[in-house]
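Enquirer: Submitted below is the structure of interest, expressed as structure tokens.
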Amino acid sequence: MTNDSPQPHARNLDEALLARRALLSSTAAAMAAAAVTSPLLHIDQAEASQSSGLDFDELPHGIDETHHVAEGFTADVLIRWGDPLFADAPGFVANALTAEGQSKQFGYNCDFIGYFPLPYGSNSSDHGLLCVNHEYTTSDLMFADVKGFNPYPAPTRRHVDVEMAAHGHAVVEVKRRADGTWAYVQNSSYNRRITASGTQMTLSGPAAGHDRLKTKDDPTGRKVIGTLNNCAGGQTPWGTCLIAEENIHYYFAGDPRGTAEAGNHLSMGLNQSLFFSWGDYINRFDVEKEPHEPNRFGWVVEYDPYTPDSVPIKRTALGRFRHEGATSVISAGGQVVVYSGDDQMFQYVYKFVSTGLYDPENREQNRNLLDEGILYVARFQEDGTLKWLPLVWGHDGLTPDNGFADQADVLIETRRAASFLGATPMDRPEDVETNPVTGSVFVALSKNPFRRAFRTDAANPRERNRAGHILELIPPGGEGALADHAATTFSWTVFLQAGDPQDPRSGAQYHADVSKNGWLANPDNLAFDPKGRLWIATDGASDFDTADGVWATEVRGTKRALTRHFFKCPVGAELTGPAFTPDGETLFCSVQHPGQGGGSTYDKPTTRWPDFEADTPPRPSVIAITRRGGGSIS
Ligand code: FEO
Ligand code: CA
Ligand code: CA
Ligand code: CA
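Right under this line is the structure:
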């Protein structure tokens, strides 16, 4: 293993942190003495004697037109873009899309997947609801007459209407058959499409009703049509789904510089890359005509998948930025904590801590827990501690003198408020996941090639970070349910630095035994299986001449950070939304944007996955991975 990048600094843990669980503090101490790649940071005797379930034969690196899973497993396509969800939905017909039809079919570019057992309150692993985000559309692979990806040549209003109906989210009832394979239920009463054009939502929390959220169509500042660019998400313990609005700047035409929201819109990236022509046809997507409309996006949306006509709610207390996801966990004291990364280079990692406490016996009581609480942003310190800085109006410069007239201003311009407090600019924060066994929190940082040596720090240690890395944040209190996620001081460590460890310039750091196929690049989505093993999905590995896919690793013991290559996407695709059933026997994954980029066109796509039929374009799809003959994946 070659590593010429700066090491995390020696830990100087304060007393409170030293009081936290022995296992993790010994890990941190070992970190200070050894590289993060040390194969032996801590041996849990019980764990060391137990053989790892991650003993599958690894896939080779490489890229081709289809998907691959490790020997001994099957990866079946469960539902594809355009598959009908309702009795009156049309079947998929290539290049004959209508907005009406698309609004009743599975949407495009599936991302986050939440598995919600049926019935509600059960732990079923063979019957449930799949709640799936449809992040964006790749229109030059959807329509024969749209050429080019960015910027789009102006399509017609018809194209725009189909695009809007293909965005959003889907709820689909799924069942596991006796033979172990999965199928979706076409006409389930639970099935639902949420779209950018057709779903009424409300805004709640401290910013709801604020003047900066009011528009001509909505003088109340409390009602919004649609949700945009839903990337990752989360599931609450009370059975609701959280869907995160990420790259909202792709959708708003017009020059924000002449509007009263200029600084705010420019900081969110408006006017820098427009991927959609919706503003040519719909006034609210033109900031010169409706300068407040972008303020109604960039939130976390909560809805109840068990109630098909429930109104989705944009929870403003969780802040407005390019939310990658929204992962909730109950802290030892009963507060709900929601972690979320802001997916842009040099942006921040956040958590929200509810004021109210979760009541496992009373679902109704939990309904509005996400409306009241404190949003914090992370400052990673060189001594291995992490300070969570509260974004509270009236404190620490978040005052009228600095352009924050009230808490709504702090939440609408979360990025500016976080900068004010001295948060740590990160290497592109993506998914954040909590380990159900250890209680620690993993943060994927996909890359930051723009980080120069003078801007490196202990938590973002590599200049020109092309491959990304993963941090482990360690709350005080104890393992699992004892972890105090509400605490304002954590410790942290680098879990791995991605890239090819054989490349002496990469600065990659893993377990010393990682194989030539076991290294990964650009970690994006994360999932834990029920045993607390980490499954890492990537976005961008083609820059390293291999397909995106899934890698799995232990997070402690002798095989910590020994990543192993489990699944490989077809060319052009990234892997999103990994989600396990409660029994760990099925891993659902989204294969997003197959065939995108690399000169691929509608007429000559680089792949026609998964149908491989002449004249049928590639179709983003959800797959279900199971072990041949049954049993836990790991
Ligand atoms: Fe939508 Fe951060 O990827
Ligand atoms: Ca993502
Ligand atoms: Ca995740
Ligand atoms: Ca991504």
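Per the numbering used here, the very first residue in the sequence shown carries number 28; after that it's consecutive. Cβ atoms here follow ideal geometry from the backbone N, Cα and C, with glycine treated the same way. These numbers were taken from a predicted model, which means no experiment stands behind them.
Whose C-beta lies closer than 7 Å to the C-beta of Ala651 among residues of the same chain, with five residues either side of it excluded?
Expert: Taking Ala651 as the centre and dropping the five residues before and after it, the same chain places the C-beta of Asp103, Leu105, Trp209, Thr613 and Phe615 closer than 7 Å to its C-beta, in chain order.
Enquirer: In three-state terms, what does DSSP make of Phe100?
Expert: Residue state, collapsed to three classes: strand.
Enquirer: Return the bridge partner residues of Asn257 from the DSSP annotation.
Expert: Glu272
Enquirer: Rounded to the nearest angstrom, what separates Arg83 and Arg587 at their Cα positions?
Expert: Sequence check: residue 83 is Phe here, not Arg. The straight-line gap separating the alpha-carbon atoms of Phe83 and Arg587 is approximately 16 Å.
Enquirer: So is Gly656 buried or exposed if we call it buried at 16+ other beta carbons inside 10 Å?
Expert: Gly656 counts as exposed, since fewer than 16 other beta carbons sit within 10 angstroms of its beta carbon.
Enquirer: Is Phe312 helix, strand or coil when you go by DSSP?
Expert: helix
Enquirer: Note the first and the last residue of the continuous alpha helix (DSSP H) segment covering Gln129.
Expert: Ala126 to Gln129
Enquirer: Closest to Val468 by C-alpha separation, out of Gly89, Thr267 and Val376, would be which residue?
Expert: Val376
Enquirer: Excluding five sequence neighbours on each side, which residues of the same chain lie with their C-beta closer than 7 Å to the C-beta of Val356?
Expert: Val364, Thr461 and His512, listed in sequence order.
Enquirer: Using a threshold of 7 Å, is the CB atom of Asp566 nearer than that to any non-hydrogen atom of ligand 1?
Expert: yes
Enquirer: Sort out for me which residues DSSP pairs Lys202 with in a bridge.
Expert: His154 and Ala210
Enquirer: What span of residues does the beta strand (DSSP E) with Asp436 cover, start to end?
Expert: Here Asp436 belongs to no beta strand (DSSP E); instead the alpha helix (DSSP H) covers Gln434 to Ile439.
Enquirer: Per DSSP, what are the beta-bridge partners of Met228 in this structure?
Expert: Bridge partners of Met228: Val251.
Enquirer: Per DSSP, Cys137 forms a beta bridge with which residues?
Expert: His161
Enquirer: Cβ of Glu391 within 7 Å of any heavy atom in ligand 4?
Expert: no
Enquirer: For Thr634, which of helix, strand or coil comes out of DSSP?
Expert: coil
Enquirer: Name the one or two DSSP bridge partners that Tyr142 has.
Expert: Beta-bridge analysis with DSSP links Tyr142 to Leu157.
Enquirer: When burial is assigned at 16 or more other CB atoms within 10 Å of the CB, is Thr520 buried or exposed?
Expert: buried
Enquirer: Under a Cβ-count criterion, where at least 16 other Cβ atoms within 10 Å of its own Cβ denotes burial, should His422 be classed as buried or exposed?
Expert: exposed
Enquirer: Quick check on Asn39: buried or exposed, where buried means 16 or more other Cβ atoms within 10 Å of its Cβ?
Expert: The predicted position of Asn39 is uncertain, since its pLDDT is 26 and thus under 50; a value taken from the coordinates is nonetheless stated next. Per the 10 Å Cβ criterion, exposed.
Enquirer: Could you pull out every residue in the same chain whose Cβ sits closer than 8 Å to the Cβ of Ala287, ignoring the five residues on either side in sequence?
Expert: Answer for Ala287: Pro318, listed in chain order.
Enquirer: Phe379: buried (16+ other C-beta within 10 angstroms of its C-beta) or exposed?
Expert: buried
Enquirer: Where does the unbroken alpha helix (DSSP H) through Ser518 begin, and where does it stop?
Expert: Element bounds for Ser518: not the alpha helix (DSSP H) but the beta strand (DSSP E), Thr516 to Gln524.
Enquirer: Please determine, among Leu301, Lys250, Asn291 and Asn274, the residue with the shortest C-alpha to C-alpha distance to Arg342.
Expert: Lys250
Enquirer: Give a yes or no on contact between the region 143-151 and the region 234-251, applying the rule of three or more CB pairs nearer than 8 Å.
Expert: No, the region 143-151 is not in contact with the region 234-251.
Enquirer: Can you tell me which of the three DSSP states Arg646 falls into?
Expert: coil
Enquirer: Which residues does DSSP pair with Arg493 in a beta bridge?
Expert: In the DSSP output, where bridge partners are listed per residue, Arg493 has none listed.
Enquirer: Please confirm whether any heavy atom of ligand 3 lies closer than 7 Å to the CB of Glu460.
Expert: Short note on Glu460: C-beta closer than 7 Å to some heavy atom of ligand 3.
Enquirer: With three or more beta-carbon pairs closer than 8 Å as the criterion, would you say the region 195-205 touches the region 163-176?
Expert: The region 163-176 and the region 195-205 do not touch, with fewer than three beta-carbon pairs separated by less than 8 Å.
Enquirer: Would the beta-carbon of Asp551 be found less than 7 Å away from any heavy atom of ligand 1?
Expert: yes
Enquirer: Scan the region 466-493 and note each continuous beta strand (DSSP E) run of 3 residues or more that stays entirely inside, going in chain order.
Expert: Whole beta strand (DSSP E) segments, 3+ residues: 468-472.
Enquirer: Below 7 Å, is the gap between the Cβ of Ala548 and the nearest heavy atom of ligand 2?
Expert: no
Enquirer: Taking the continuous alpha helix (DSSP H) assigned at Asn291, which residues delimit it?
Expert: Ala289 to Ser294
Enquirer: Can the beta-carbon of Thr165 be found closer than 8 Å to that of Gln623?
Expert: yes
Enquirer: For Thr653, is the classification buried or exposed, using 16 other Cβ atoms within 10 angstroms of its Cβ as the cut-off for buried?
Expert: buried
Enquirer: Measure the alpha-carbon distance for Ile401 versus Pro645 and round it to whole angstroms.
Expert: 43 Å
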